[in-house]
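*Asks:* Protein chains in written order, with this note's numbering: chain A, 11 to 377; chain V, 476 to 730.
All C-beta atoms, glycine included, are put in the ideal place defined by N, C-alpha and C.
Computed from a predicted model, the values in this text were never measured in an experiment.
Structure (structure tokens):
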């Protein structure tokens with residue numbers, strides 16, 4: 011019977027017998043996707059809209075009615091000039107502005123492209139972009155309805171975001187959520203399970219045994235690699251089935267990159283546990299050192315471009331930032347390694363450095 | 476001094492460990508003979524655990540020399556690990572694994588064959604009378620049984636030397652006596668036992684003892700020698716004279 015196999019089996023027993031933690035680990039990814047999914051997708055309702063219509067006519071009135079009737083937008087005011095817009099946005103009275111160009115109806119009737127400007131408050135980029143999508147949808151519906159009756163109608167909507175002009179348009183949450191879940195499982199759980207052995211004194215027994223440090227580490231963390239992999243599948247499954255999140259690129263590539271990210275998180279967990287000796291401290295350190303950066307600095311919730319410069323620099327060393335970029339690229343844009351090799355390289359280098367650092371710091375602890 | 480040619484189980488020469496400016500173990504020199512039950516006595520913080528940690532390879536010495544089972548502690552720690560067993564103050568058993576699983580785990584770690592593990596598991600279970608609880612989680616066992624089981628597990632791979640760091644703290648006198656029976660059995664089978672304790676009555680059970688005070692060995696010898704040399708009636712008294720000389724005249728008891 012090989013020593014490593016025995017260790018792996020023992021660790022698996024620990025996980026399986028701690029029913030409550032196991033339950034949390036299994037259901038957390040699913041619950042997270044649901045929570046994030048629904049809280050993001052139900053956000054667009056009762057949007058306060060202001061309309062600027064310099065030359066009102068039957069056409070613009072018809073479009074205005076569509077917005078007023080749709081149930082999503084609430085028209086709070088109509089103006090002939092853009093002058094009040096600034097104040098309305100600043101006071102948060104308006105969230106979306108719809109600006110018709112002068113002589114909009116005439117251009118449309120003449121068969122020219124009529125210009126329409128949509129401005130959204132993008133302080134919250136996700137909501138901002140969803141609102142823009144809804145505005146576009148109303149306009150497209152109008153275009154196609156009119157097109158059936160009287161030939162082609164061309165409206166060219168221009169989209170502009172206020173306060174946060176370079177927000178990510180493909181800011182979907184699933185890639186970031188995967189990073190989040192994996193950080194919790196791989197980094198936090200590893201750190202906890204290693205420090206638990208220090209607390210109970212069993213670590214000493216392992217250290218005085220002929221086991222090599224790498225065997226102890228592999229025996230401790232490999233089961234979490236397995237759980238991490240399963241939860242990636244769970245997140246992707248729920249995202250696909252419930253929220254129809256697209257999977258444009260290669261699933262195999264995404265899973266491989268996911269495994270790379272799990273390794274990064276595992277190494278961070280080992281590092282945390284090497285520097286702490288109680289589960290409580292390890293928990294706090296893992297939260298502050300891994301979960302918080304993953305949540306805040308990965309571009310998962312807050313776009314990196316809109317962060318202050320220093321935070322943008324800090325985000326460079328946050329592994330989740332690179333994983334989120336990769337996962338978004340694969341899932342939403344369908345691009346492969348040809349475009350993502352640089353991010354992958356960064357992630358791989360981080361994995362290597364952290365693995366070496368963590369095994370070394372663990373070894374130092376032994377001597 | 477060189478590696479023990481006379482086959483001493485443990486030999487140290489000026490072994491020292493400092494933590495910053497604090498010297499936990501201060502130039503200790505002693506030999507432990509094969510098959511001996513050697514007691515390490517001392518108050519809490521006297522350096523017993525630090526000494527054991529250096530000998531088991533958990534801690535690198537700051538200076539001095541030491542050989543365990545004929546292997547140098549600096550260069551041959553891997554060889555030492557195969558020849559020793561260790562039971563710490565806290566248990567080396569996993570509470571959420573069953574009695575049988577714990578034994579199997581350590582059997583695997585020490586590279587025993589499947590047959591060896593099976594035979595020795597049965598032997599331990601019947602010796603300790605744990606056969607009916609073999610499938611219970613260790614966490615559910617009373618403290619005394621856990622300690623006896625931990626000791627048997629430390630001996631599972633039949634090491635030449637076993638280190639016991641305060642193995643009997645916190646258990647009742649009867650269980651302690653049973654525990655010492657296990658220690659004698661191991662010694663009779665040829666295993667060298669190095670045991671630390673702060674129970675003075677247990678010191679009387681050892682073949683030889685060393686009394687540590689502030690990181691130094693203050694006295695070493697058989698219990699009867701030590702009592703004779705300091706004209707004391709018990710090890711307890713010997714200990715108090717060494718640790719608190721100002722109390723010795725009054726014949727007070729250990730703190």
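With 9 Å as the C-beta to C-beta threshold (strictly closer), list the residues of the stretch 527-553 of chain V near chain A in chain order.
*Replies:* Within the stretch 527-553 of chain V, the residues whose Cβ lies closer than 9 Å to some Cβ of chain A are 528, 531, 532, 533, 534, 535, 552, 553, listed in chain order.
*Asks:* Anything in chain A within Cβ reach of residue 621 of chain V, meaning under 9 Å, just list it in chain order.
*Replies:* As a first step, residue 621 of chain V must be located in the second chain, where it is residue number 146. Near residue 621 of chain V there are no residues of chain A at all, since even the closest Cβ is about 12 Å away, more than 9 Å.
*Asks:* Could one say the Cβ of residue 234 of chain A lies closer than 9 Å to chain V's Cβ atoms, at least one of them?
*Replies:* In the first chain, counting from the first residue as 1, residue 234 of chain A sits at position 224. Judged by the 9 Å Cβ criterion, residue 234 of chain A is not in contact with chain V.
*Asks:* How many Å lie between residue 283 of chain A and residue 367 of chain A at the Cα?
*Replies:* In the first chain, residue 283 of chain A corresponds to position 273, counting from 1. In the first chain, residue 367 of chain A corresponds to position 357, counting from 1. Taking the straight line from one Cα to the other gives about 12 Å.
*Asks:* Taking any Cβ of chain A, which residues in the stretch 643-674 of chain V have a Cβ under 8 Å from it, in chain order?
*Replies:* From the stretch 643-674 of chain V, no residue has a Cβ closer than 8 Å to chain A.
*Asks:* Look at residue 108 of chain A and residue 126 of chain A and say whether their C-beta atoms are less than 9 Å apart.
*Replies:* Start at 1 with the first residue of the first chain, and residue 108 of chain A comes out as number 98. Start at 1 with the first residue of the first chain, and residue 126 of chain A comes out as number 116. Yes.
*Asks:* How far does the alpha helix (DSSP H) with residue 125 of chain A in it reach, from first residue to last?
*Replies:* Counting from 1 along the first chain, the entry for residue 125 of chain A is found at position 115. It is not in any alpha helix (DSSP H) - residue 125 of chain A instead sits in the beta strand (DSSP E) that spans 124-131.
*Asks:* Taking just the CA atoms, how far does residue 719 of chain V sit from residue 706 of chain V?
*Replies:* Within the second chain, numbered from 1, the residue matching residue 706 of chain V stands at position 231. Within the second chain, numbered from 1, the residue matching residue 719 of chain V stands at position 244. Roughly 16 Å separates the two Cα atoms.
*Asks:* Would DSSP call residue 144 of chain A helix, strand or coil?
*Replies:* On the first chain, residue 144 of chain A is found 134 positions in, with the first residue counted as 1. In the structure shown, residue 144 of chain A sits in a helix (DSSP, three-state: H, G or I).
*Asks:* Of the choices A/264, A/65, A/70, A/37, whose alpha-carbon is the least far from that of residue 244 of chain A?
*Replies:* Residue 244 of chain A sits at position 234 when you count from the first residue of the first chain. Checked all of A/264, A/65, A/70, A/37; the closest Cα to residue 244 of chain A is A/37.
*Asks:* Under a three-way DSSP split, which group does residue 380 of chain A fall into?
*Replies:* The requested residue 380 of chain A does not occur in the structure, where chain A is confined to residues 11 to 377.
*Asks:* Is there a Cβ from chain A that is less than 9 Å from the Cβ of residue 576 of chain V?
*Replies:* Mapped onto the second chain, residue 576 of chain V falls at position 101. So, interface residue.
*Asks:* Which two residues bound the contiguous alpha helix (DSSP H) that contains residue 714 of chain V?
*Replies:* Counting from 1 along the second chain, the entry for residue 714 of chain V is found at position 239. It spans 710-718 - the alpha helix (DSSP H) in which residue 714 of chain V sits, taken as one unbroken run.
*Asks:* Beta-carbon within less than 6 Å of residue 178 of chain A's beta-carbon, same chain only, minus the 5 sequence neighbours each way: which residues are those?
*Replies:* Walking along the first chain from the start, residue 178 of chain A turns up at place 168. Residue confidence for residue 178 of chain A is low, a pLDDT of 37 falling below 50, so the modelled location carries little weight; the figure read from the coordinates is stated next. If we look at residue 178 of chain A and ignore the five residues flanking it on each side, its Cβ neighbours are 313.
*Asks:* Would you say residue 568 of chain V reaches chain A, if we count a Cβ-Cβ gap shorter than 9 Å as a contact?
*Replies:* Along the second chain, one-based indexing puts residue 568 of chain V at 93. Residue 568 of chain V counts as touching chain A.
*Asks:* Which one of A/72, A/218, A/263, A/43 has the shortest CA to CA distance from residue 190 of chain A?
*Replies:* Along the first chain, one-based indexing puts residue 190 of chain A at 180. The shortest Cα separation from residue 190 of chain A among A/72, A/218, A/263, A/43 belongs to A/43.
*Asks:* Quick one: grab the DSSP three-state call for residue 577 of chain V.
*Replies:* Residue 577 of chain V sits at position 102 when you count from the first residue of the second chain. It is helical.
*Asks:* Quick check on residue 524 of chain V: does DSSP put it in helix, strand or coil?
*Replies:* Translated into positions along the second chain, residue 524 of chain V becomes position 49. Residue state, collapsed to three classes: helix.
*Asks:* Quick check: the Cα distance between residue 231 of chain A and residue 266 of chain A, rounded to an integer number of angstroms?
*Replies:* Taking the first residue of the first chain as 1, we reach residue 231 of chain A at position 221. Taking the first residue of the first chain as 1, we reach residue 266 of chain A at position 256. Roughly 18 Å between the two C-alpha positions.
*Asks:* Examine chain A for any beta-carbon lying closer than 9 Å to the beta-carbon of residue 571 of chain V, and answer yes or no.
*Replies:* One-based indexing of the second chain puts residue 571 of chain V at position 96. Yes - at least one Cβ of chain A is within 9 Å of the one on residue 571 of chain V.
*Asks:* In chain V, which residues lie less than 9 Å from residue 1 of chain A when you measure between Cβ atoms?
*Replies:* It is not possible to answer for residue 1 of chain A, since the shown part of chain A is limited to 11 through 377.
*Asks:* What's the gap between the Cα of residue 644 of chain V and the Cα of residue 28 of chain A?
*Replies:* By one-based count along the second chain, residue 644 of chain V stands at place 169. By one-based count along the first chain, residue 28 of chain A stands at place 18. For residue 644 of chain V and residue 28 of chain A, the distance between alpha carbons rounds to 29 Å.
*Asks:* So which residues of chain A does residue 618 of chain V contact, with C-beta pairs closer than 7 Å?
*Replies:* The sequence position of residue 618 of chain V within the second chain is 143, counting from 1. Here the premise fails: no neighbours, minimum Cβ distance about 14 Å.
*Asks:* Check each candidate in V/685, V/638, V/554 and name the one with the smallest Cα separation from residue 696 of chain V.
*Replies:* Position 221 of the second chain, counted from the first residue, corresponds to residue 696 of chain V. The shortest C-alpha separation from residue 696 of chain V is found at V/685.
*Asks:* Along chain V, in chain order, which residues have C-beta atoms closer than 7 Å to that of residue 27 of chain A?
*Replies:* Reading the first chain from its first residue, position 17 is the one you call residue 27 of chain A. Chain V residues near residue 27 of chain A: 571.
*Asks:* Is the beta carbon of residue 560 of chain V closer than 9 Å to that of residue 613 of chain V?
*Replies:* Position 138 of the second chain, counting from 1, holds the residue named residue 613 of chain V. Position 85 of the second chain, counting from 1, holds the residue named residue 560 of chain V. Taking 9 Å as the Cβ cut-off, residue 613 of chain V and residue 560 of chain V do not qualify as a contacting pair.
*Asks:* Compare the C-beta of residue 565 of chain V against all C-beta atoms of chain B and say whether one is closer than 9 Å.
*Replies:* The structure shown contains no chain B; its protein chains are A and V.
*Asks:* Using CA coordinates, which residue listed in A/110, A/72, A/62 is at the minimum distance from residue 90 of chain A?
*Replies:* Position 80 of the first chain, counting from 1, holds the residue named residue 90 of chain A. Nearest C-alpha to residue 90 of chain A: A/62.
*Asks:* With 16 as the cutoff for other CB atoms within 10 Å, does residue 485 of chain V come out buried or exposed?
*Replies:* Numbered from 1 along the second chain, position 10 holds the residue referred to as residue 485 of chain V. It is buried - the Cβ of residue 485 of chain V has at least 16 other Cβ atoms within 10 Å.
*Asks:* Name the DSSP beta bridge partners of residue 237 of chain A, please?
*Replies:* Here residue 237 of chain A is taken as the residue at index 227 of the first chain, counted from 1. DSSP lists no partner for residue 237 of chain A.
*Asks:* How many Å lie between residue 329 of chain A and residue 200 of chain A at the Cα?
*Replies:* If you number the first chain from 1, residue 329 of chain A lands on position 319. If you number the first chain from 1, residue 200 of chain A lands on position 190. Roughly 17 Å separates the two Cα atoms.
*Asks:* Anyone know if the C-beta pair for residue 197 of chain A and residue 279 of chain A falls short of 9 Å?
*Replies:* As a first step, residue 197 of chain A must be located in the first chain, where it is residue number 187. As a first step, residue 279 of chain A must be located in the first chain, where it is residue number 269. In contact: residue 197 of chain A and residue 279 of chain A (Cβ atoms closer than 9 Å).
*Asks:* Over the uninterrupted beta strand (DSSP E) stretch that includes residue 561 of chain V, give me the two end residues.
*Replies:* Counting from 1 along the second chain, the entry for residue 561 of chain V is found at position 86. 559-562 is the extent of the beta strand (DSSP E) around residue 561 of chain V.
*Asks:* In chain order, what residues of the same chain have a beta carbon less than 7 Å from the beta carbon of residue 606 of chain V, not counting five sequence neighbours either side?
*Replies:* The count along the second chain starts at 1 and reaches residue 606 of chain V at position 131. Closer than 7 Å at the Cβ level, and outside the excluded window around residue 606 of chain V, lie 600.
*Asks:* Quick one: what's got a C-beta closer than 6 Å to residue 526 of chain V's C-beta in the same chain, skipping five residues either side?
*Replies:* Start at 1 with the first residue of the second chain, and residue 526 of chain V comes out as number 51. Taken in chain order, the residues that qualify are 500.
*Asks:* Can you look up residue 632 of chain V in the DSSP assignment and give me helix, strand or coil?
*Replies:* As a first step, residue 632 of chain V must be located in the second chain, where it is residue number 157. Three-state DSSP puts residue 632 of chain V in coil, outside helix and strand.
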